[in-house]
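Written out below as structure tokens is the structure these notes cover.
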Amino acid sequence: MKKYLGIIVDAVCRRQFKGEITVENGKIIRVEEKAHDNEQYILPGLVDAHVHIESSMTVPSVFARMAVAKGTVAVVSDPHEIANVMGEEGIDYMLEDSKKAPLKVFFGVPSCVPATPFESAGAVLAAEAVDRLLAREDLYYLSEMMNFPGVIFEFPEVMAKLESAKKYGKIVDGHAPGLRGADLQKYIGAGISTDHECFTYEEAVEKIKLGMKVLIREGSSARNFETLYSLIDEYPEMVMLCTDDSHPDTLIYEGHIDKLIRGGQEKGLDIYNIIRAAVINPVEHYGLDVGLLREGDPADFIIVDDLKAFNVLSTFIDGECVYENGKVLFPVEKVPARNVFNRNKISIEDVKLAVPPAGENKERENKENITKIRVIVARDGELVTGQELALPKVENGNLVSDPVRDILKMVVLSRYADDPVQIGFIKNIGLKRGAIASSIAHDSHNIIAVGAADQDIVEAVNRLVENRGGIVVGTAENLLDLPLEVAGLMSTLDGEEVASRYRLLNEEARRLGTSLESPFMTLAFMSLLVIPELKLGDKGLFDVTKFEFVELFVNE
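Those letters in the sequence shown? Residues -5 to 550, per my numbering, in order.
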């Protein structure tokens, strides 16, 4: 039996009082008011309502060490990324590794593997497999239903997955950026209960009024807190907090859900509403076995120095202290790497793109009168892209990057086979020299690269092939890398080491000219074919609004 004194923050009853918590056998057996001189605050532990652990670039047991240091005791995790690479084997890997750490990880069943039929993935989880997985007690919900057109138009495969969730009484998470009106009503009517993709206040309010819970996301690239924070006070029972995709440097140097607690108070939000969004709502919505600081609950709580500063001093999970005074109190056993990577190196010829023959554009009189191309327009901090038409730069009859106008060549190629390299162009990456490349490319995690010159792109891609996945940045003569030996997505190294190396790569990318807040995270979403507007996959340029492939060249 252990006792803890402090100012107890009762988020359920919305009050604070000096008191004592008694813990025995992992449970809170007593919460009572008691006079004392301890000015530290005791609160329920924090919950991330939607996260892809793979985005931390660390395996679950290592991620756990970073999370508990920020006061997180539980996460609702979608193993979608590794499932796209390794299928059910990848899901089982995440479950097995997560059990090596005390963090409570509630995994879902990925609903969209592959996310679309328009790209090559490493696995397929068809309706039959999803049904079998949902029947398991260690998988808690149907993960984000990205294929919202499939819901709206009632694709049989999509509807079968939703029916399976209903059959087993499991929550269905949503993913519907920009969806409004009648289509949104049909999407929600199919039983989909949440969305973390709202990028305008009006969209979020419409979804809330139709009964959908809105998750305010603050990740490494997609950051919606500034736009949506007022919802926490306006609709306190309908909002949760999540990070979705956070890279290791963000977790270690900025924080996790704790940073949103601080940010909400800086905005003047009600502290009890913030804690409701950060703890109570996800616990109740998903039915999590996580304590809310009540008698009989699991002893999942944190101690902080002050509510505004919100520096986490200690984290407890099931009554065990897992973090205290700057130290994580559990070790991590290194695990063997598992991967699927079947790509050989490429050559400069693979990334060359010739000007179309004159016969394909009768209006053009000479090679200076070039057909315009579709250009992806990246937006810093957003998954959504724009598109515009531009004249390409041509050298020796081939289209090349134009760093002066910030129109750079981008390539995507399958990691699962030696298929042809797909070529597009992108604006707002900002590189003046060199290239960035990654095997983290949502959702199928093929190889993606952007560069200021063809040779830089080729060398960066080939370093990735040598490492069988990871991140690369630099010029052809001087490359820096971060190998990710687990599925080309995660490292088994300590989180601090991964974060430090990742930060070094970000600094190199900025030295080469990019001004993006999180260049590798932004790059990772440029092949995400379920988020508008224009993206590049391993099978070609894709217009998400039309949901079809389009040509790079445009005859006006």
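Cβ coordinates follow ideal geometry from the N, Cα and C atoms, glycine included.
Check: Any alpha helix (DSSP H) of 4 or more consecutive residues that is wholly inside the stretch 408 to 492; Outcome: 448 to 461
Check: Euclidean distance between Cα positions of ILE265 and TYR223; Outcome: 13 Å
Check: Simplified DSSP assignment, three categories, for LYS321; Outcome: strand
Check: Integer Cβ distance of ALA348 from ILE367, believed to fall under 8 Å; Outcome: ALA348 to ILE367, Cβ: 13 Å. No contact.
Check: Limits of the unbroken beta strand (DSSP E) element including TYR551; Outcome: What the structure shows of the chain is the stretch from -5 to 550, and residue 551 is not part of that stretch, so it cannot be assessed.
Check: In DSSP terms, what MET234 is bridged to; Outcome: LEU209
Check: MET515 (DSSP reduced to helix, strand or coil); Outcome: helix
Check: LEU235 to GLU389 span [Cα, whole Å]; Outcome: 49 Å
Check: Opposing strand residues paired with VAL378 [DSSP bridges]; Outcome: Beta-bridge pairing links VAL378 to no other residue.
Check: Cβ neighbour criterion (16 or more within 10 Å) applied to GLU314; Outcome: exposed
Check: Where the beta strand (DSSP E) containing ARG9 begins and where it ends; Outcome: 9 to 18
Check: Segment contact flag, the stretch 91 to 98 with the stretch 54 to 68, C-beta cutoff 8 Å, min 3 pairs; Outcome: yes
Check: Where LEU506 sits in the DSSP three-state scheme; Outcome: coil
Check: Burial state of VAL342, where buried means 16 or more other Cβ atoms lie within 10 Å; Outcome: For the record, residue 342 in the displayed sequence is Ile; it is not Val. The residue in question, ILE342, is exposed, as its Cβ has fewer than 16 Cβ neighbours within 10 Å.
Check: Helix, strand or coil at LEU127 [DSSP, three-state]; Outcome: helix
Check: Uninterrupted alpha helix (DSSP H) stretches inside the stretch 143 to 192 (no shorter than 4 residues); Outcome: 150 to 161 and 175 to 183
Check: Top-ranked residue by Cα proximity to ILE420, from ASN456, SER308 and VAL398; Outcome: VAL398
Check: Beta-carbon proximity of ALA43 to HIS190, cut-off 9 Å; Outcome: yes
Check: Residue from LYS(-3), VAL233, LEU245 and SER187 whose Cα sits closest to the Cα of VAL492; Outcome: LEU245
Check: Residue span of the alpha helix (DSSP H) that contains TYR135, given as start and end; Outcome: It is not in any alpha helix (DSSP H) - TYR135 instead sits in the beta strand (DSSP E) that spans 135 to 139.
Check: Residue from LYS161, LEU127, MET51 and VAL166 with nearest C-alpha to MET139; Outcome: VAL166
Check: At least 3 beta-carbon pairs within less than 8 Å: the stretch 436 to 451 vs the stretch 322 to 331; Outcome: no
Check: Helix, strand or coil at SER215 [DSSP, three-state]; Outcome: coil
Check: Given GLY205 as reference, the closest of PHE193, ARG495, GLN179 and VAL79 once Cα atoms are compared; Outcome: GLN179
Check: Nearest-angstrom Cβ-Cβ length linking ASP537 and LEU530, presumed shorter than 8 Å; Outcome: ASP537 to LEU530, Cβ: 11 Å. No contact.
Check: Proximal residues to PHE541 (C-beta, below 7 Å), its chain only, five neighbours per side dropped; Outcome: PRO143
Check: Contacts around VAL480, its chain only, beta-carbon distance under 7 Å, and the 5 residues preceding and following it disregarded; Outcome: VAL53, ALA331, ARG332, ASN333 and THR486
Check: Endpoints, alpha helix (DSSP H) assigned at SER92; Outcome: 82 to 92
Check: Paired residues, beta bridge with GLU389 - DSSP; Outcome: ASN392
Check: Residues that DSSP places opposite PRO292 in a beta bridge; Outcome: LYS21
Check: Buried or exposed by the 16-neighbour rule on C-beta atoms within 10 Å, applied to GLY213; Outcome: buried
Check: As assigned by DSSP and simplified to three states, the class of SER55; Outcome: helix
Check: Contact belief for GLY576 with VAL79 at Cβ below 8 Å, rounded distance in angstroms; Outcome: A question about residue 576 goes unanswered here, because the residues of the chain that appear run from -5 up to 550.
Check: LYS540 - DSSP class collapsed to helix/strand/coil; Outcome: coil
Check: Buried versus exposed, by CB contacts within 10 Å (16 or more), ALA29; Outcome: exposed
Check: Three or more C-beta pairs below 8 Å linking the stretch 505 to 523 and the stretch 254 to 269; Outcome: no
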